[in-house]
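The opening position of the sequence shown corresponds to residue 65 in our numbering, with each subsequent residue numbered one higher. A virtual CB, placed ideally from N, CA and C, is assigned to each residue, including glycine. Data first, discussion second: the structure below is written as C-alpha cells.
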Amino acid sequence: MLKEAVALPGLGLTVPVRAAKAKLSALLELVAAGTPVTITSDGKPKAVLRPVEAAPERLGFEPAWDLLESVPTQTEGPFSEELVRADRDGRGW
Numbered sequence: 065m066l067k068e069a070v071a072l073p074g075l076g077l078t079v080p081v082r083a084a085k086a087k088l089s090a091l092l093e094l095v096a097a098g099t100p101v102t103i104t105s106d107g108k109p110k111a112v113l114r115p116v117e118a119a120p121e122r123l124g125f126e127p128a129w130d131l132l133e134s135v136p137t138q139t140e141g142p143f144s145e146e147l148v149r150a151d152r153d154g155r156g157w
C-alpha cells in the first residue's frame with residue numbers, strides 16, 4: 065500500500081506525515097480493520113490512529129419518570145415563556 069510505511073510487530077504501521085496525508089483514506093481503512101497507525105514527522109512519532117472503541121450504553125430517562133410525575137405542575141402565576149420574554153426584553157434582545 066505505502067512504500068514509506070514500516071510495519072512494526074505488535075505496534076502496527078509507522079507512516080511519515082506526507083505519506084499519511086496522501087493516503088489518509090487507505091490508512092483509515094486499515095485502522096478500521098484494527099491496525100494502529102503511528103504518524104511521524106522528522107522521524108519522531110507525532111500521532112497514533114487507532115480504532116474507535118464502542119461507546120458505553122447510555123441510560124435513558126426511564127428511571128426518572130416516576131420522579132418527574134411526582135413534581136407538581138404550575139397552574140398559576142407567570143409561565144416560563146413570559147418570564148424569559150420579560151428578561152430578554154429587559155436586556156434589549
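- In this chain, the alpha helix (DSSP H) harbouring LEU131 covers 129-134.
- When beta bridges are read from the DSSP output, PRO109 appears opposite THR104.
- Taking 8 Å as the cut-off, the Cβ atoms of VAL95 and PRO115 count as close.
- Closest option to THR102, judged by alpha-carbon separation, among GLU93, ARG82 and VAL112: VAL112.
- A straight line joining the alpha-carbon of PRO142 with that of GLU133 spans about 21 Å.
- Between the C-alpha atoms of GLY154 and LEU88 there is a straight-line separation of about 52 Å.
- C-alpha of GLU93 to C-alpha of LYS108: approximately 23 Å in a straight line.
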